[in-house]
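Down below is the structure, laid out as structure tokens.
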Amino acid sequence: MLTLHVEYFAILREQRGLTQETLTTTAATPTVLYAELRARHAFTLPADRVRAAVNDEFVAATALLRDGDRIVFIPPVAGG
Amino acid sequence: MLTLHVEYFAILREQRGLTQETLTTTAATPTVLYAELRARHAFTLPADRVRAAVNDEFVAATALLRDGDRIVFIPPVAGG
Amino acid sequence: MTREMITVDLAAMSFRISSSVLDPTALSRALADERAGACVTFEGWVRNCNEGQPVLSLEYEAYALLADKEGARILAEAHAKFPLLAAHCIHRVGLLQLGALAIWVGVTAEHRGAAFDACRYIIDEAKARVPIWKKEHYTGGTTAWINCATRGDFAGDTR
Amino acid sequence: MTREMITVDLAAMSFRISSSVLDPTALSRALADERAGACVTFEGWVRNCNEGQPVLSLEYEAYALLADKEGARILAEAHAKFPLLAAHCIHRVGLLQLGALAIWVGVTAEHRGAAFDACRYIIDEAKARVPIWKKEHYTGGTTAWINCATRGDFAGDTR
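This is the structure:
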């Protein structure tokens, strides 16, 4: 089991109803964790439209998560 | 013979030493008139680098000049 | 990653997120440079309409830590690709009204070609890569996170 | 000529020659438009160096009557080619010091692509077509009318 800190922004923050949480999970990668969270919280965005950042750097969807990581799922951006 | 008003700008104004003059000429086109003026005043710009405007519109180098026309020879531009 | 290895004059570039009103006059003034022959700026303004829907206001939200890093990378890439003197970019967050300045990009160079190309590069990359999100508030009272619609939103399926 | 037949909203475009200092803040403010999502500006500044020669100051001279006509034609062409909301251009004449603003072009559009393309079109065409001339004063005391050098100038032949 990993203990992870998850932060939410924008549409995910609204759908989750909070800005961050700490959770324990067996998910080893962002993809698996997102699928778990999406099922639990009814996130509308499919996994292929969400990127992941760990400890404030973009990572691959299949990167291995480590205990204590801070992870952010990034909805499609729309700055400018 | 035509009576023409010639205005000078930029390098031609400096080389001619005045901003405008009225002259009579047998030149029937801007090309012929420029050749005449260039020979008389030692303009450095060759004819193929000078455009002509008559009565504040660009004209072809071979346009026919009419009595009373106001003509400007336009050195290579360099705005901006 | 190769993009981490670009070396540029750091004083000549900055990417910032701002929660207060942007002042384009002050931002331009900071670009003054007697070596520069060209200054190109891009301003993104809040429009009163998006894809046919009348817009009342906008909210921008940023993942500031990563936005700053990605913004700085984009500016460094622009410096590496084009012969620039300076390139700055600043993005508003928070609630913005119609006509408000949402993003400002300013680039100086000796010649205009590089200034235009770099300014365009920076705004295109910023829109595509920097983690900033836009929520539109429409006159009818509805809202939408831009680019986040899914087929389900349109079909009334909230899956 | 076809370019005379373009019809555009004349309030949305102006070309001007100015013998006094340009104020980019006031010029930008005149572009404010709630339909606009993008504003691109180009500023041409007096550089301290041109082709390796240290420049002290510049003089711009215009054939104003024809410059105004040709400038207006360029703006009308830009409106016809690109989906713009407004396009303005103003050019200084007289003696300018280092860093001074020589030309300002400002374009607004719903989307940035048109604003960038039109701004670039206007400055490129203005430089190529509008009868304005530039005389550079160098630190050594010499001067030159830009683009007016002939082979003779370089060879010391004043023919």
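Protein chains in written order, with the working numbering: chain X, 48 to 127; chain Z, 48 to 127; chain U, 16 to 174; chain A, 16 to 174. C-beta atoms are modelled at their ideal positions from N, C-alpha and C, and glycine is treated no differently. Bear in mind that the values here come from a model prediction, so they are computed numbers and not experimental data.
| request: Look at the alpha carbon of I137(A) and the alpha carbon of A91(A), and state the distance between them as a whole number of angstroms. | output: In the fourth sequence, counting from the first residue as 1, residue 137(A) sits at position 122. In the fourth sequence, counting from the first residue as 1, residue 91(A) sits at position 76. The straight-line gap separating the alpha-carbon atoms of I137(A) and A91(A) is approximately 10 Å.
| field | Own chain partners of F169(U) with C-beta closer than 8 Å, once the 5 adjacent residues on each side are dropped | value | Here residue 169(U) is taken as the residue at index 154 of the third sequence, counted from 1. Caution applies to F169(U), whose pLDDT of 40 falls short of 50 and renders its modelled position unreliable; the model cannot decide the point.
| query | Does the distance from the CB of E76(A) to the CB of A100(Z) come in under 8 Å? | reply | Counting from one through the fourth sequence, the residue named residue 76(A) turns up at place 61. Counting from one through the second sequence, the residue named residue 100(Z) turns up at place 53. In this structure, the beta-carbon distance from E76(A) to A100(Z) does not fall below 8 Å.
| When the cut-off is 8 Å and only beta carbons count, does S43(U) lie next to chain A? | Here residue 43(U) refers to the residue found at position 28 of the third sequence. Yes, because at least one Cβ of chain A sits closer than 8 Å to the Cβ of S43(U).
| For H103(A), three-class secondary structure by DSSP | Locating residue 103(A) in the fourth sequence gives position 88, where the first residue counts as 1. In the three-state reduction of the DSSP assignment, H103(A) falls in the strand class.
| request: Can you grab the Cα-Cα spacing for the pair A107(Z) / E85(A), in whole Å? | output: On the second sequence, position 60 is the one that residue 107(Z) refers to. On the fourth sequence, position 70 is the one that residue 85(A) refers to. Taking the straight line joining both Cα atoms gives about 16 Å.
| Secondary structure of T78(X), DSSP reduced to three states | The count along the first sequence starts at 1 and reaches residue 78(X) at position 31. Per DSSP, reduced to three states, the secondary structure at T78(X) is helical.
| said: How far does the alpha helix (DSSP H) with E140(A) in it extend, from its first residue to its last? | reply: Position 125 of the fourth sequence holds residue 140(A). Note, E140(A): alpha helix (DSSP H), R127 to R144.
| task | Give the DSSP bridge partners of F120(X), in chain order. | result | As a position in the first sequence, residue 120(X) is number 73, starting the count at 1. Answer is A99(X).
| field | Other residues of its chain near L70(Z): CB distance less than 7 Å, five sequence neighbours each side excluded | value | Here residue 70(Z) refers to the residue found at position 23 when the second sequence is read from its first residue. Counting only Cβ-Cβ distances below 7 Å, and skipping sequence neighbours, we find L51 and V53.
| message | With a threshold of 6 Å on Cβ separation, who are the neighbours of D95(Z) within its own chain once the five nearest residues in sequence on each side are excluded? | response | The residue you call residue 95(Z) lines up with position 48 of the second sequence. For D95(Z), same chain residues with a beta-carbon under 6 Å away, outside a window of 5 residues either side, do not exist.
| Whether H103(U) touches S29(U) by CB criterion (8 Å) | To locate residue 103(U), count along the third sequence from 1; it is residue 88. To locate residue 29(U), count along the third sequence from 1; it is residue 14. Here H103(U) is near S29(U), since their CB atoms are less than 8 Å apart.
| Rounded to the nearest angstrom, how far is the Cβ of Q67(X) from that of Y81(X), given a contact under 8 Å? | The residue you call residue 67(X) lines up with position 20 of the first sequence. The residue you call residue 81(X) lines up with position 34 of the first sequence. So it is not a contact: roughly 16 Å between Cβ atoms.
| query | Considering T40(A), what are the terminal residues of the alpha helix (DSSP H) in which it resides? | reply | Looking up residue 40(A) in the fourth sequence gives position 25. The continuous alpha helix (DSSP H) containing T40(A) extends over residues P39 to R44.
| task | Can you check DSSP and say which residues form a bridge with F57(A)? | result | The residue labelled residue 57(A) in the question sits at position 42 within the fourth sequence. Note: F57(A) sits in a beta bridge opposite V55(U) and V120(A).
| task | Assuming R127(U) contacts C64(A) (C-beta within less than 8 Å), just tell me the rounded distance between them. | result | In the third sequence, residue 127(U) corresponds to position 112, counting from 1. In the fourth sequence, residue 64(A) corresponds to position 49, counting from 1. That pair is no contact at about 16 Å.
| said: Taking the straight line between their C-alpha atoms, what separation do you get for R60(Z) and V145(A)? | reply: Here residue 60(Z) corresponds to residue number 13 of the second sequence, with the count starting at 1. Here residue 145(A) corresponds to residue number 130 of the fourth sequence, with the count starting at 1. Roughly 18 Å separates the two Cα atoms.
| request: Pick helix, strand or coil for E68(X), following the three-state DSSP scheme. | output: Counting from 1 along the first sequence, the entry for residue 68(X) is found at position 21. Residue state, collapsed to three classes: strand.
| request: Give the single residue among R44(A), R31(A) and D48(A) whose Cα lies nearest to the Cα of L100(A). | output: The residue given as residue 100(A) occupies position 85 in the fourth sequence. Ranking the options by Cα distance to L100(A), first place goes to D48(A).
| task | Could you work out which residues of chain U lie near L92(X), taking near to mean beta carbons separated by less than 8 Å? | result | Mapped onto the first sequence, residue 92(X) falls at position 45. Within chain U, the residues near L92(X) are C163 and T165.
| field | Endpoints, beta strand (DSSP E) assigned at A108(X) | value | Within the first sequence, residue 108(X) is the residue found at index 61, counting from 1. The continuous stretches of beta strand (DSSP E) do not include A108(X), and DSSP gives it neither H nor E.
| query | Under a three-way DSSP split, which group does A159(U) fall into? | reply | Walking along the third sequence from the start, residue 159(U) turns up at place 144. Of the three classes helix, strand and coil, the one that applies to A159(U) here is strand, per DSSP.
| C-beta neighbour in chain A for V53(Z), strict 8 Å | Residue numbering aside, residue 53(Z) sits at position 6 when the second sequence is read from its first letter. By this cut-off, V53(Z) is not an interface position.
| said: On the DSSP bridge list, what partners appear for V53(X)? | reply: The count along the first sequence starts at 1 and reaches residue 53(X) at position 6. In the DSSP secondary-structure assignment, V53(X) is bridged to E68(X) and I118(X).
| said: Using only the alpha-carbon positions, how far apart do F57(A) and A124(U) sit? | reply: Here residue 57(A) refers to the residue found at position 42 of the fourth sequence. Here residue 124(U) refers to the residue found at position 109 of the third sequence. When rounded, the distance between both Cα atoms is 11 Å.
| query | In chain order, what residues of the same chain lie with their CB nearer than 6 Å to the CB of A79(U), ignoring the 5 residues before and after it? | reply | Walking along the third sequence from the start, residue 79(U) turns up at place 64. For A79(U), the CB contacts under 6 Å within the same chain, skipping 5 residues up- and downstream, are I32 in chain order.
| query | How is S85(A) classed by DSSP in three states: helix, strand or coil? | reply | Position 70 of the fourth sequence, counted from the start, is the residue given in the question as residue 85(A). Looking at the sequence shown, residue 85(A) is not Ser but Glu. Three-state DSSP puts E85(A) in a helix.
| task | Can you tell me which of the three DSSP states L112(X) falls into? | result | Against the first sequence, residue 112(X) aligns to sequence position 65. Looking at L112(X) - three-state DSSP - the assignment turns out to be coil, as it is neither helix nor strand.
| field | Outcome for A93(A) when other beta-carbon atoms lying within 10 angstroms are tallied against a minimum of 16 | value | Sequence index remark: in the fourth sequence, residue 93(A) carries index 78 (1-based). Buried is the call here.
| task | Taking 8 Å as the cut-off, decide whether the C-beta atoms of F97(A) and D132(A) are in contact. | result | Residue mapping note: residue 97(A) aligns to position 82 of the fourth sequence, counting from 1. Residue mapping note: residue 132(A) aligns to position 117 of the fourth sequence, counting from 1. A contact, by the Cβ cut-off of 8 Å.
| query | Around the C-beta of Q62(Z), are 16 or more other C-beta atoms found within 10 angstroms, so that it is buried, or is it exposed? | reply | Within the second sequence, the letter at position 15 stands for residue 62(Z). Counting the other Cβ atoms within 10 Å of the Cβ of Q62(Z) gives 16 or more, which makes it buried.
| request: Quick one: give me the first and last residue of the beta strand (DSSP E) that G109(U) is part of. | output: As a position in the third sequence, residue 109(U) is number 94, starting the count at 1. Unbroken beta strand (DSSP E) run through G109(U): G109 to Q112.
| query | Going by alpha carbons, who is nearest to H152(U) out of V36(U), G109(U) and L46(U)? | reply | Start at 1 with the first residue of the third sequence, and residue 152(U) comes out as number 137. It is G109(U).
| Under the rule that 16 or more other beta-carbon atoms within 10 Å means buried, what is V36(A), buried or exposed? | Taking the fourth sequence and counting its residues from 1, the one referred to as residue 36(A) is at position 21. Residue burial annotation: V36(A) is exposed, with fewer than 16 other C-beta atoms found within 10 angstroms of its C-beta.
| message | So for R62(U), helix, strand or coil by DSSP? | response | Position 47 of the third sequence holds residue 62(U). Looking at R62(U) - three-state DSSP - the assignment turns out to be coil, as it is neither helix nor strand.
| query | How about V106(Z): is its C-beta nearer than 8 Å to some C-beta of chain D? | reply | Looking at the structure shown, chain D is missing, and the protein chains on hand are X, Z, U and A.
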